[in-house]
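A short worksheet on the structure shown next.
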Amino acid sequence: MLLRDGIVRMLEAYGFDVVAAVDNGPDLVKELVGQRPDVAVVDVRLPPTYTDEGLRAALTARAEIPGLPVLVLSQYVERLYARELLADGAGGIGYLLKDRVSDIDEFIDAVRRVAAGGTALDPTVVAKLMDSREHIVSLTQLTAREREVLGHMAQGRSNAAIGTALFITEKAVAKHTNNIFAKLGLQSSEDDNRRVLAVLRYLDG
Amino acid sequence: MIVLAGVAAALCAAAAVYLFRLFLRMVPGRRRWLAATATFGAGLATVDLIVWVATGGGYFWPAWTILGLSALLSLHAWIVSRPPGRRERELAARVGTLTRSRSEALDRQAAELKRVERDLHDGAQARMVSLALTLGLAGRMVRHDPDGAERLLDEARSTARAALDDLRAVMHSIHPPVLADRGLGDAVRALVLDLAVPVTVTGEAPSGLNAATETAAYFAVAECLSNVVKHSGATAAEVTFADRLITVTDDGTGGADLAAGTGLRGIADRLDAVDARLEVDSPPGGPTRIVLRIPI
């Protein structure tokens, strides 16, 4: 409730046009399918069940409208849910801890990225992956640097942003990403889609 | 002879009264019925003797009824003193188990609450205090040192995040969110995604479990898998749901023992409280196979 009003205010302040704000799963599906917004910000837990109603609503709506951009917020992040959200490979998915809202610039940036069809996975999910995914065959073929780049890709960063974060040139990042796509056996297609698939491969482990 | 019978009648009457009062005091059960029989016998003997005395004696016919009553009483006493049957022994054992597991469950719960209290106190609460302090300072600095205030606000924000991280960790240790959202099957699926050993999950988790059983089963599987990662040296593990059985197998070095160490014992005790059972088959050299039996 409190958070919803806050986010609506914040989005409006940053020039977004908020077409609907609802407080339960069924209404959410109706609005998502009916209004077809450019991007939706959704809480995982919603009435009436207060379980994963929001997540299910997002998945239902995306089944109707493939690639409908959804940014899911939650009090906790689970890889299982991240995987379910990304499973259709259509992109336009964000999955962040609610705390991230406090960093307004980053949050607004994430909303824009998701609206543009990119991904924005919470660093916590990515960090967990870094710790536990050492054994995955397809990922062990990646060098430490490439894994690092993949981690940033999962968070939805552009090559330029990854370059800044790792203190390397954008060209070097592009080389790494091409190596990652090749090693994960992702055929060249539309670049954005490959990025989503690489992240998905990463999550599947 | 008449006088003797009168004394005997008085004694029988006293015995009947005593036995009746005993009957009233006793807890319901087999021995109480014996007291009832004895009261009835003593009462009937008293009446017989009084009737014999009142009719002027003669042939001592009450001897037969008294003999019969004695035989009846002896038979009843014999039945009562017989060792308990199979069913009764089972029930007694069950009461013993319940008493023990209940007290263990209460102990564990108390210890768990204490841990949660300490975690909250040392973590989130401490950070909240520091947060309030930082915000207070920032408020006082905002006019004469806006830059300093901004720095403090940044600090406050990261403290708030750290407090949220702490709260999340505590909540996760009490009841994992996916377990609340989706139940046992997906909770285990979510759990194995974060493990360093690849674990496959097959089958459908039993549905319709009560919350206590589901939580106990979840933490049991979690502990088993944590053992797999920490001790087994396994390269792969599997969790199989089949009806009311959950099986955790790994290809590690084996040697897991219910009697040794506290980990498995802890799981077994925790499962005991919800009537679930743990079976461990882990020969030296492996593989290890742990079966959880969940009651219907």
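For the protein sequence lines, the chains are A and B, in the order given.
Take the first sequence: its letters are residues 67 to 271, numbered as in our numbering.
Take the second sequence: its letters are residues 73 to 368, numbered as in our numbering.
Even glycine gets a Cβ: it sits at the ideal position worked out from N, Cα and C.
Buried or exposed (CB count within 10 angstroms, at least 16 for buried), residue i
{"i": "Leu185(B)", "result": "exposed"}
{"i": "Arg254(B)", "result": "buried"}
{"i": "Ser142(B)", "result": "exposed"}
{"i": "Phe247(A)", "result": "buried"}
{"i": "Thr118(B)", "result": "buried"}
{"i": "Thr235(A)", "result": "exposed"}
{"i": "Ala345(B)", "result": "buried"}
{"i": "Tyr131(B)", "result": "exposed"}
{"i": "Gln221(A)", "result": "buried"}
{"i": "Ser153(B)", "result": "exposed"}
{"i": "Tyr116(A)", "result": "exposed"}
{"i": "Phe313(B)", "result": "buried"}
{"i": "Val260(B)", "result": "buried"}
{"i": "Gly229(A)", "result": "buried"}
{"i": "Ser175(B)", "result": "exposed"}
{"i": "Gly113(B)", "result": "buried"}
{"i": "Arg111(A)", "result": "buried"}
{"i": "Thr243(A)", "result": "buried"}
{"i": "Leu147(B)", "result": "exposed"}
{"i": "Ile151(B)", "result": "exposed"}
{"i": "Arg261(A)", "result": "buried"}
{"i": "Gly134(B)", "result": "One point to set straight first is that residue 134(B) is Pro, not Gly, in the sequence displayed. By the 10 Å Cβ count, Pro134(B) comes out buried."}
{"i": "His218(A)", "result": "buried"}
Distance cut-off 7 Å: residue i Cβ against heavy atoms of the ligand SAM
{"i": "Val99(B)", "result": "The ligand SAM is absent from the structure shown, which contains no ligand whatsoever."}
Option in the options with minimal Cα separation from residue i
{"i": "Asp120(B)", "options": "Arg102(B), Trp150(B), Ala85(B), Ala143(B)", "result": "Ala85(B)"}
{"i": "Leu94(A)", "options": "Leu216(A), Tyr80(A), Asn245(A), Leu121(A)", "result": "Leu121(A)"}
{"i": "Ile174(A)", "options": "Tyr142(A), Asp71(A), Ala238(A), Gly81(A)", "result": "Gly81(A)"}
{"i": "Pro156(B)", "options": "Gly115(B), Ala268(B), His244(B), Arg103(B)", "result": "Arg103(B)"}
{"i": "Leu266(A)", "options": "Ala123(A), Gly91(A), Glu150(A)", "result": "Glu150(A)"}
{"i": "Ala226(A)", "options": "Leu252(A), Val239(A), Asn244(A), Ala153(A)", "result": "Val239(A)"}
{"i": "Met76(A)", "options": "Thr126(A), Glu172(A), Ala124(A)", "result": "Glu172(A)"}
{"i": "Arg172(B)", "options": "Val260(B), Gly357(B), Asp341(B)", "result": "Asp341(B)"}
{"i": "Ile74(B)", "options": "Arg93(B), Tyr90(B), Ala82(B), Val125(B)", "result": "Val125(B)"}
{"i": "Leu208(A)", "options": "Thr117(A), Leu232(A), Lys249(A), Phe233(A)", "result": "Lys249(A)"}
{"i": "Asp237(B)", "options": "Arg261(A), Asp109(A), Ser140(A), Arg260(A)", "result": "Ser140(A)"}
{"i": "Thr206(B)", "options": "Ala198(B), Arg154(B), Glu227(B), Ile246(B)", "result": "Glu227(B)"}
{"i": "Val89(B)", "options": "Val79(B), Pro100(B), Ala108(B)", "result": "Ala108(B)"}
{"i": "Pro249(B)", "options": "Glu276(B), Arg223(B), Tyr290(B), Arg212(B)", "result": "Tyr290(B)"}
{"i": "Val85(A)", "options": "Val107(A), Gly91(A), Ala186(A)", "result": "Val107(A)"}
{"i": "Arg316(B)", "options": "Ala348(B), Gly195(B), Val301(B), Gly326(B)", "result": "Ala348(B)"}
{"i": "Pro92(A)", "options": "Leu69(A), Leu68(A), Asp118(A)", "result": "Asp118(A)"}
{"i": "Val79(B)", "options": "Arg180(B), His148(B), Ile122(B), Met200(B)", "result": "Ile122(B)"}
{"i": "His247(B)", "options": "Gly129(B), Ala277(B), Ala288(B)", "result": "Ala288(B)"}
{"i": "Val73(A)", "options": "Val262(A), Leu137(A), Thr206(A)", "result": "One point to set straight first is that residue 73(A) is Ile, not Val, in the sequence displayed. Per the Cα distances, Leu137(A)."}
{"i": "Leu330(B)", "options": "Arg233(B), Arg361(B), Val301(B)", "result": "Arg361(B)"}
{"i": "Leu163(A)", "options": "Leu187(A), Arg260(A), Pro113(A)", "result": "Leu187(A)"}
{"i": "Leu350(B)", "options": "Pro367(B), Pro359(B), Gly357(B), Gly358(B)", "result": "Pro367(B)"}
{"i": "Arg102(A)", "options": "Ala210(A), Ala124(A), Leu134(A)", "result": "Leu134(A)"}
{"i": "Arg233(B)", "options": "Tyr142(A), Leu252(A), Arg213(A)", "result": "Tyr142(A)"}
{"i": "Gly115(B)", "options": "Pro100(B), Leu91(B), Trp105(B)", "result": "Leu91(B)"}
Residues sharing a beta bridge with residue i, DSSP
{"i": "Asp353(B)", "result": "Arg361(B)"}
{"i": "Thr400(B)", "result": "Residue coverage of chain B in this structure runs from 73 to 368, which leaves residue 400(B) outside it and unanswerable."}
{"i": "Tyr161(A)", "result": "Val138(A), Leu187(A)"}
{"i": "Ile318(B)", "result": "Phe313(B), Leu364(B)"}
{"i": "Val108(A)", "result": "Val138(A)"}
Determine contact between the stretch 287 to 300 of chain B and the stretch 312 to 323 of chain B, defined as no fewer than three beta-carbon pairs at a distance below 8 Å.
-> yes
Could you run through the stretch 142 to 167 of chain A and flag, in chain order, every residue whose CB is less than 7 Å away from some CB of chain B?
-> Tyr142, Glu144, Arg145, Leu146, Asp165
Name the residues in the stretch 108 to 121 of chain A whose C-beta lies less than 7 Å from a C-beta of chain B; which are they?
-> Thr117, Asp118
Is the number of C-beta pairs between the stretch 176 to 184 of chain A and the stretch 157 to 167 of chain A that are closer than 8 Å three or more?
-> yes
Interface positions of the stretch 222 to 236 of chain B facing chain A (Cβ-Cβ less than 8 Å), listed along the chain | Arg229, Ala232, Arg233, Leu236
How about the stretch 276 to 287 of chain B and the stretch 133 to 146 of chain A: do they share at least three Cβ pairs that are nearer than 8 Å?
-> no
Examine the Cβ distances between the stretch 127 to 138 of chain A and the stretch 85 to 101 of chain A and report whether three or more of them are shorter than 8 Å.
-> yes
For the stretch 207 to 223 of chain B, which residues have a CB atom closer than 9 Å to at least one CB atom of chain A, in sequence order?
-> none
Using a Cβ-Cβ cut-off of less than 8 Å, give me the residues of the stretch 242 to 268 of chain B that come near chain A, in sequence order.
-> Met243, His244, Pro249, Val250, Ala252, Asp253, Arg254, Asp258, Arg261, Ala262, Leu265, Asp266, Leu267, Ala268
Evaluate the contact criterion for the stretch 264 to 280 of chain B versus the stretch 303 to 317 of chain B: three or more CB pairs, one atom per stretch, below 8 Å.
-> yes
At least three beta-carbon pairs within less than 8 Å, the stretch 185 to 202 of chain B to the stretch 240 to 247 of chain B = yes
Compile a chain-ordered list of the residues in the stretch 185 to 203 of chain B whose CB is closer than 8 Å to at least one CB of chain A.
-> none
Using a Cβ cut-off of 9 Å, which residues of the stretch 146 to 165 of chain B contact any Cβ in chain A, in chain order?
-> none
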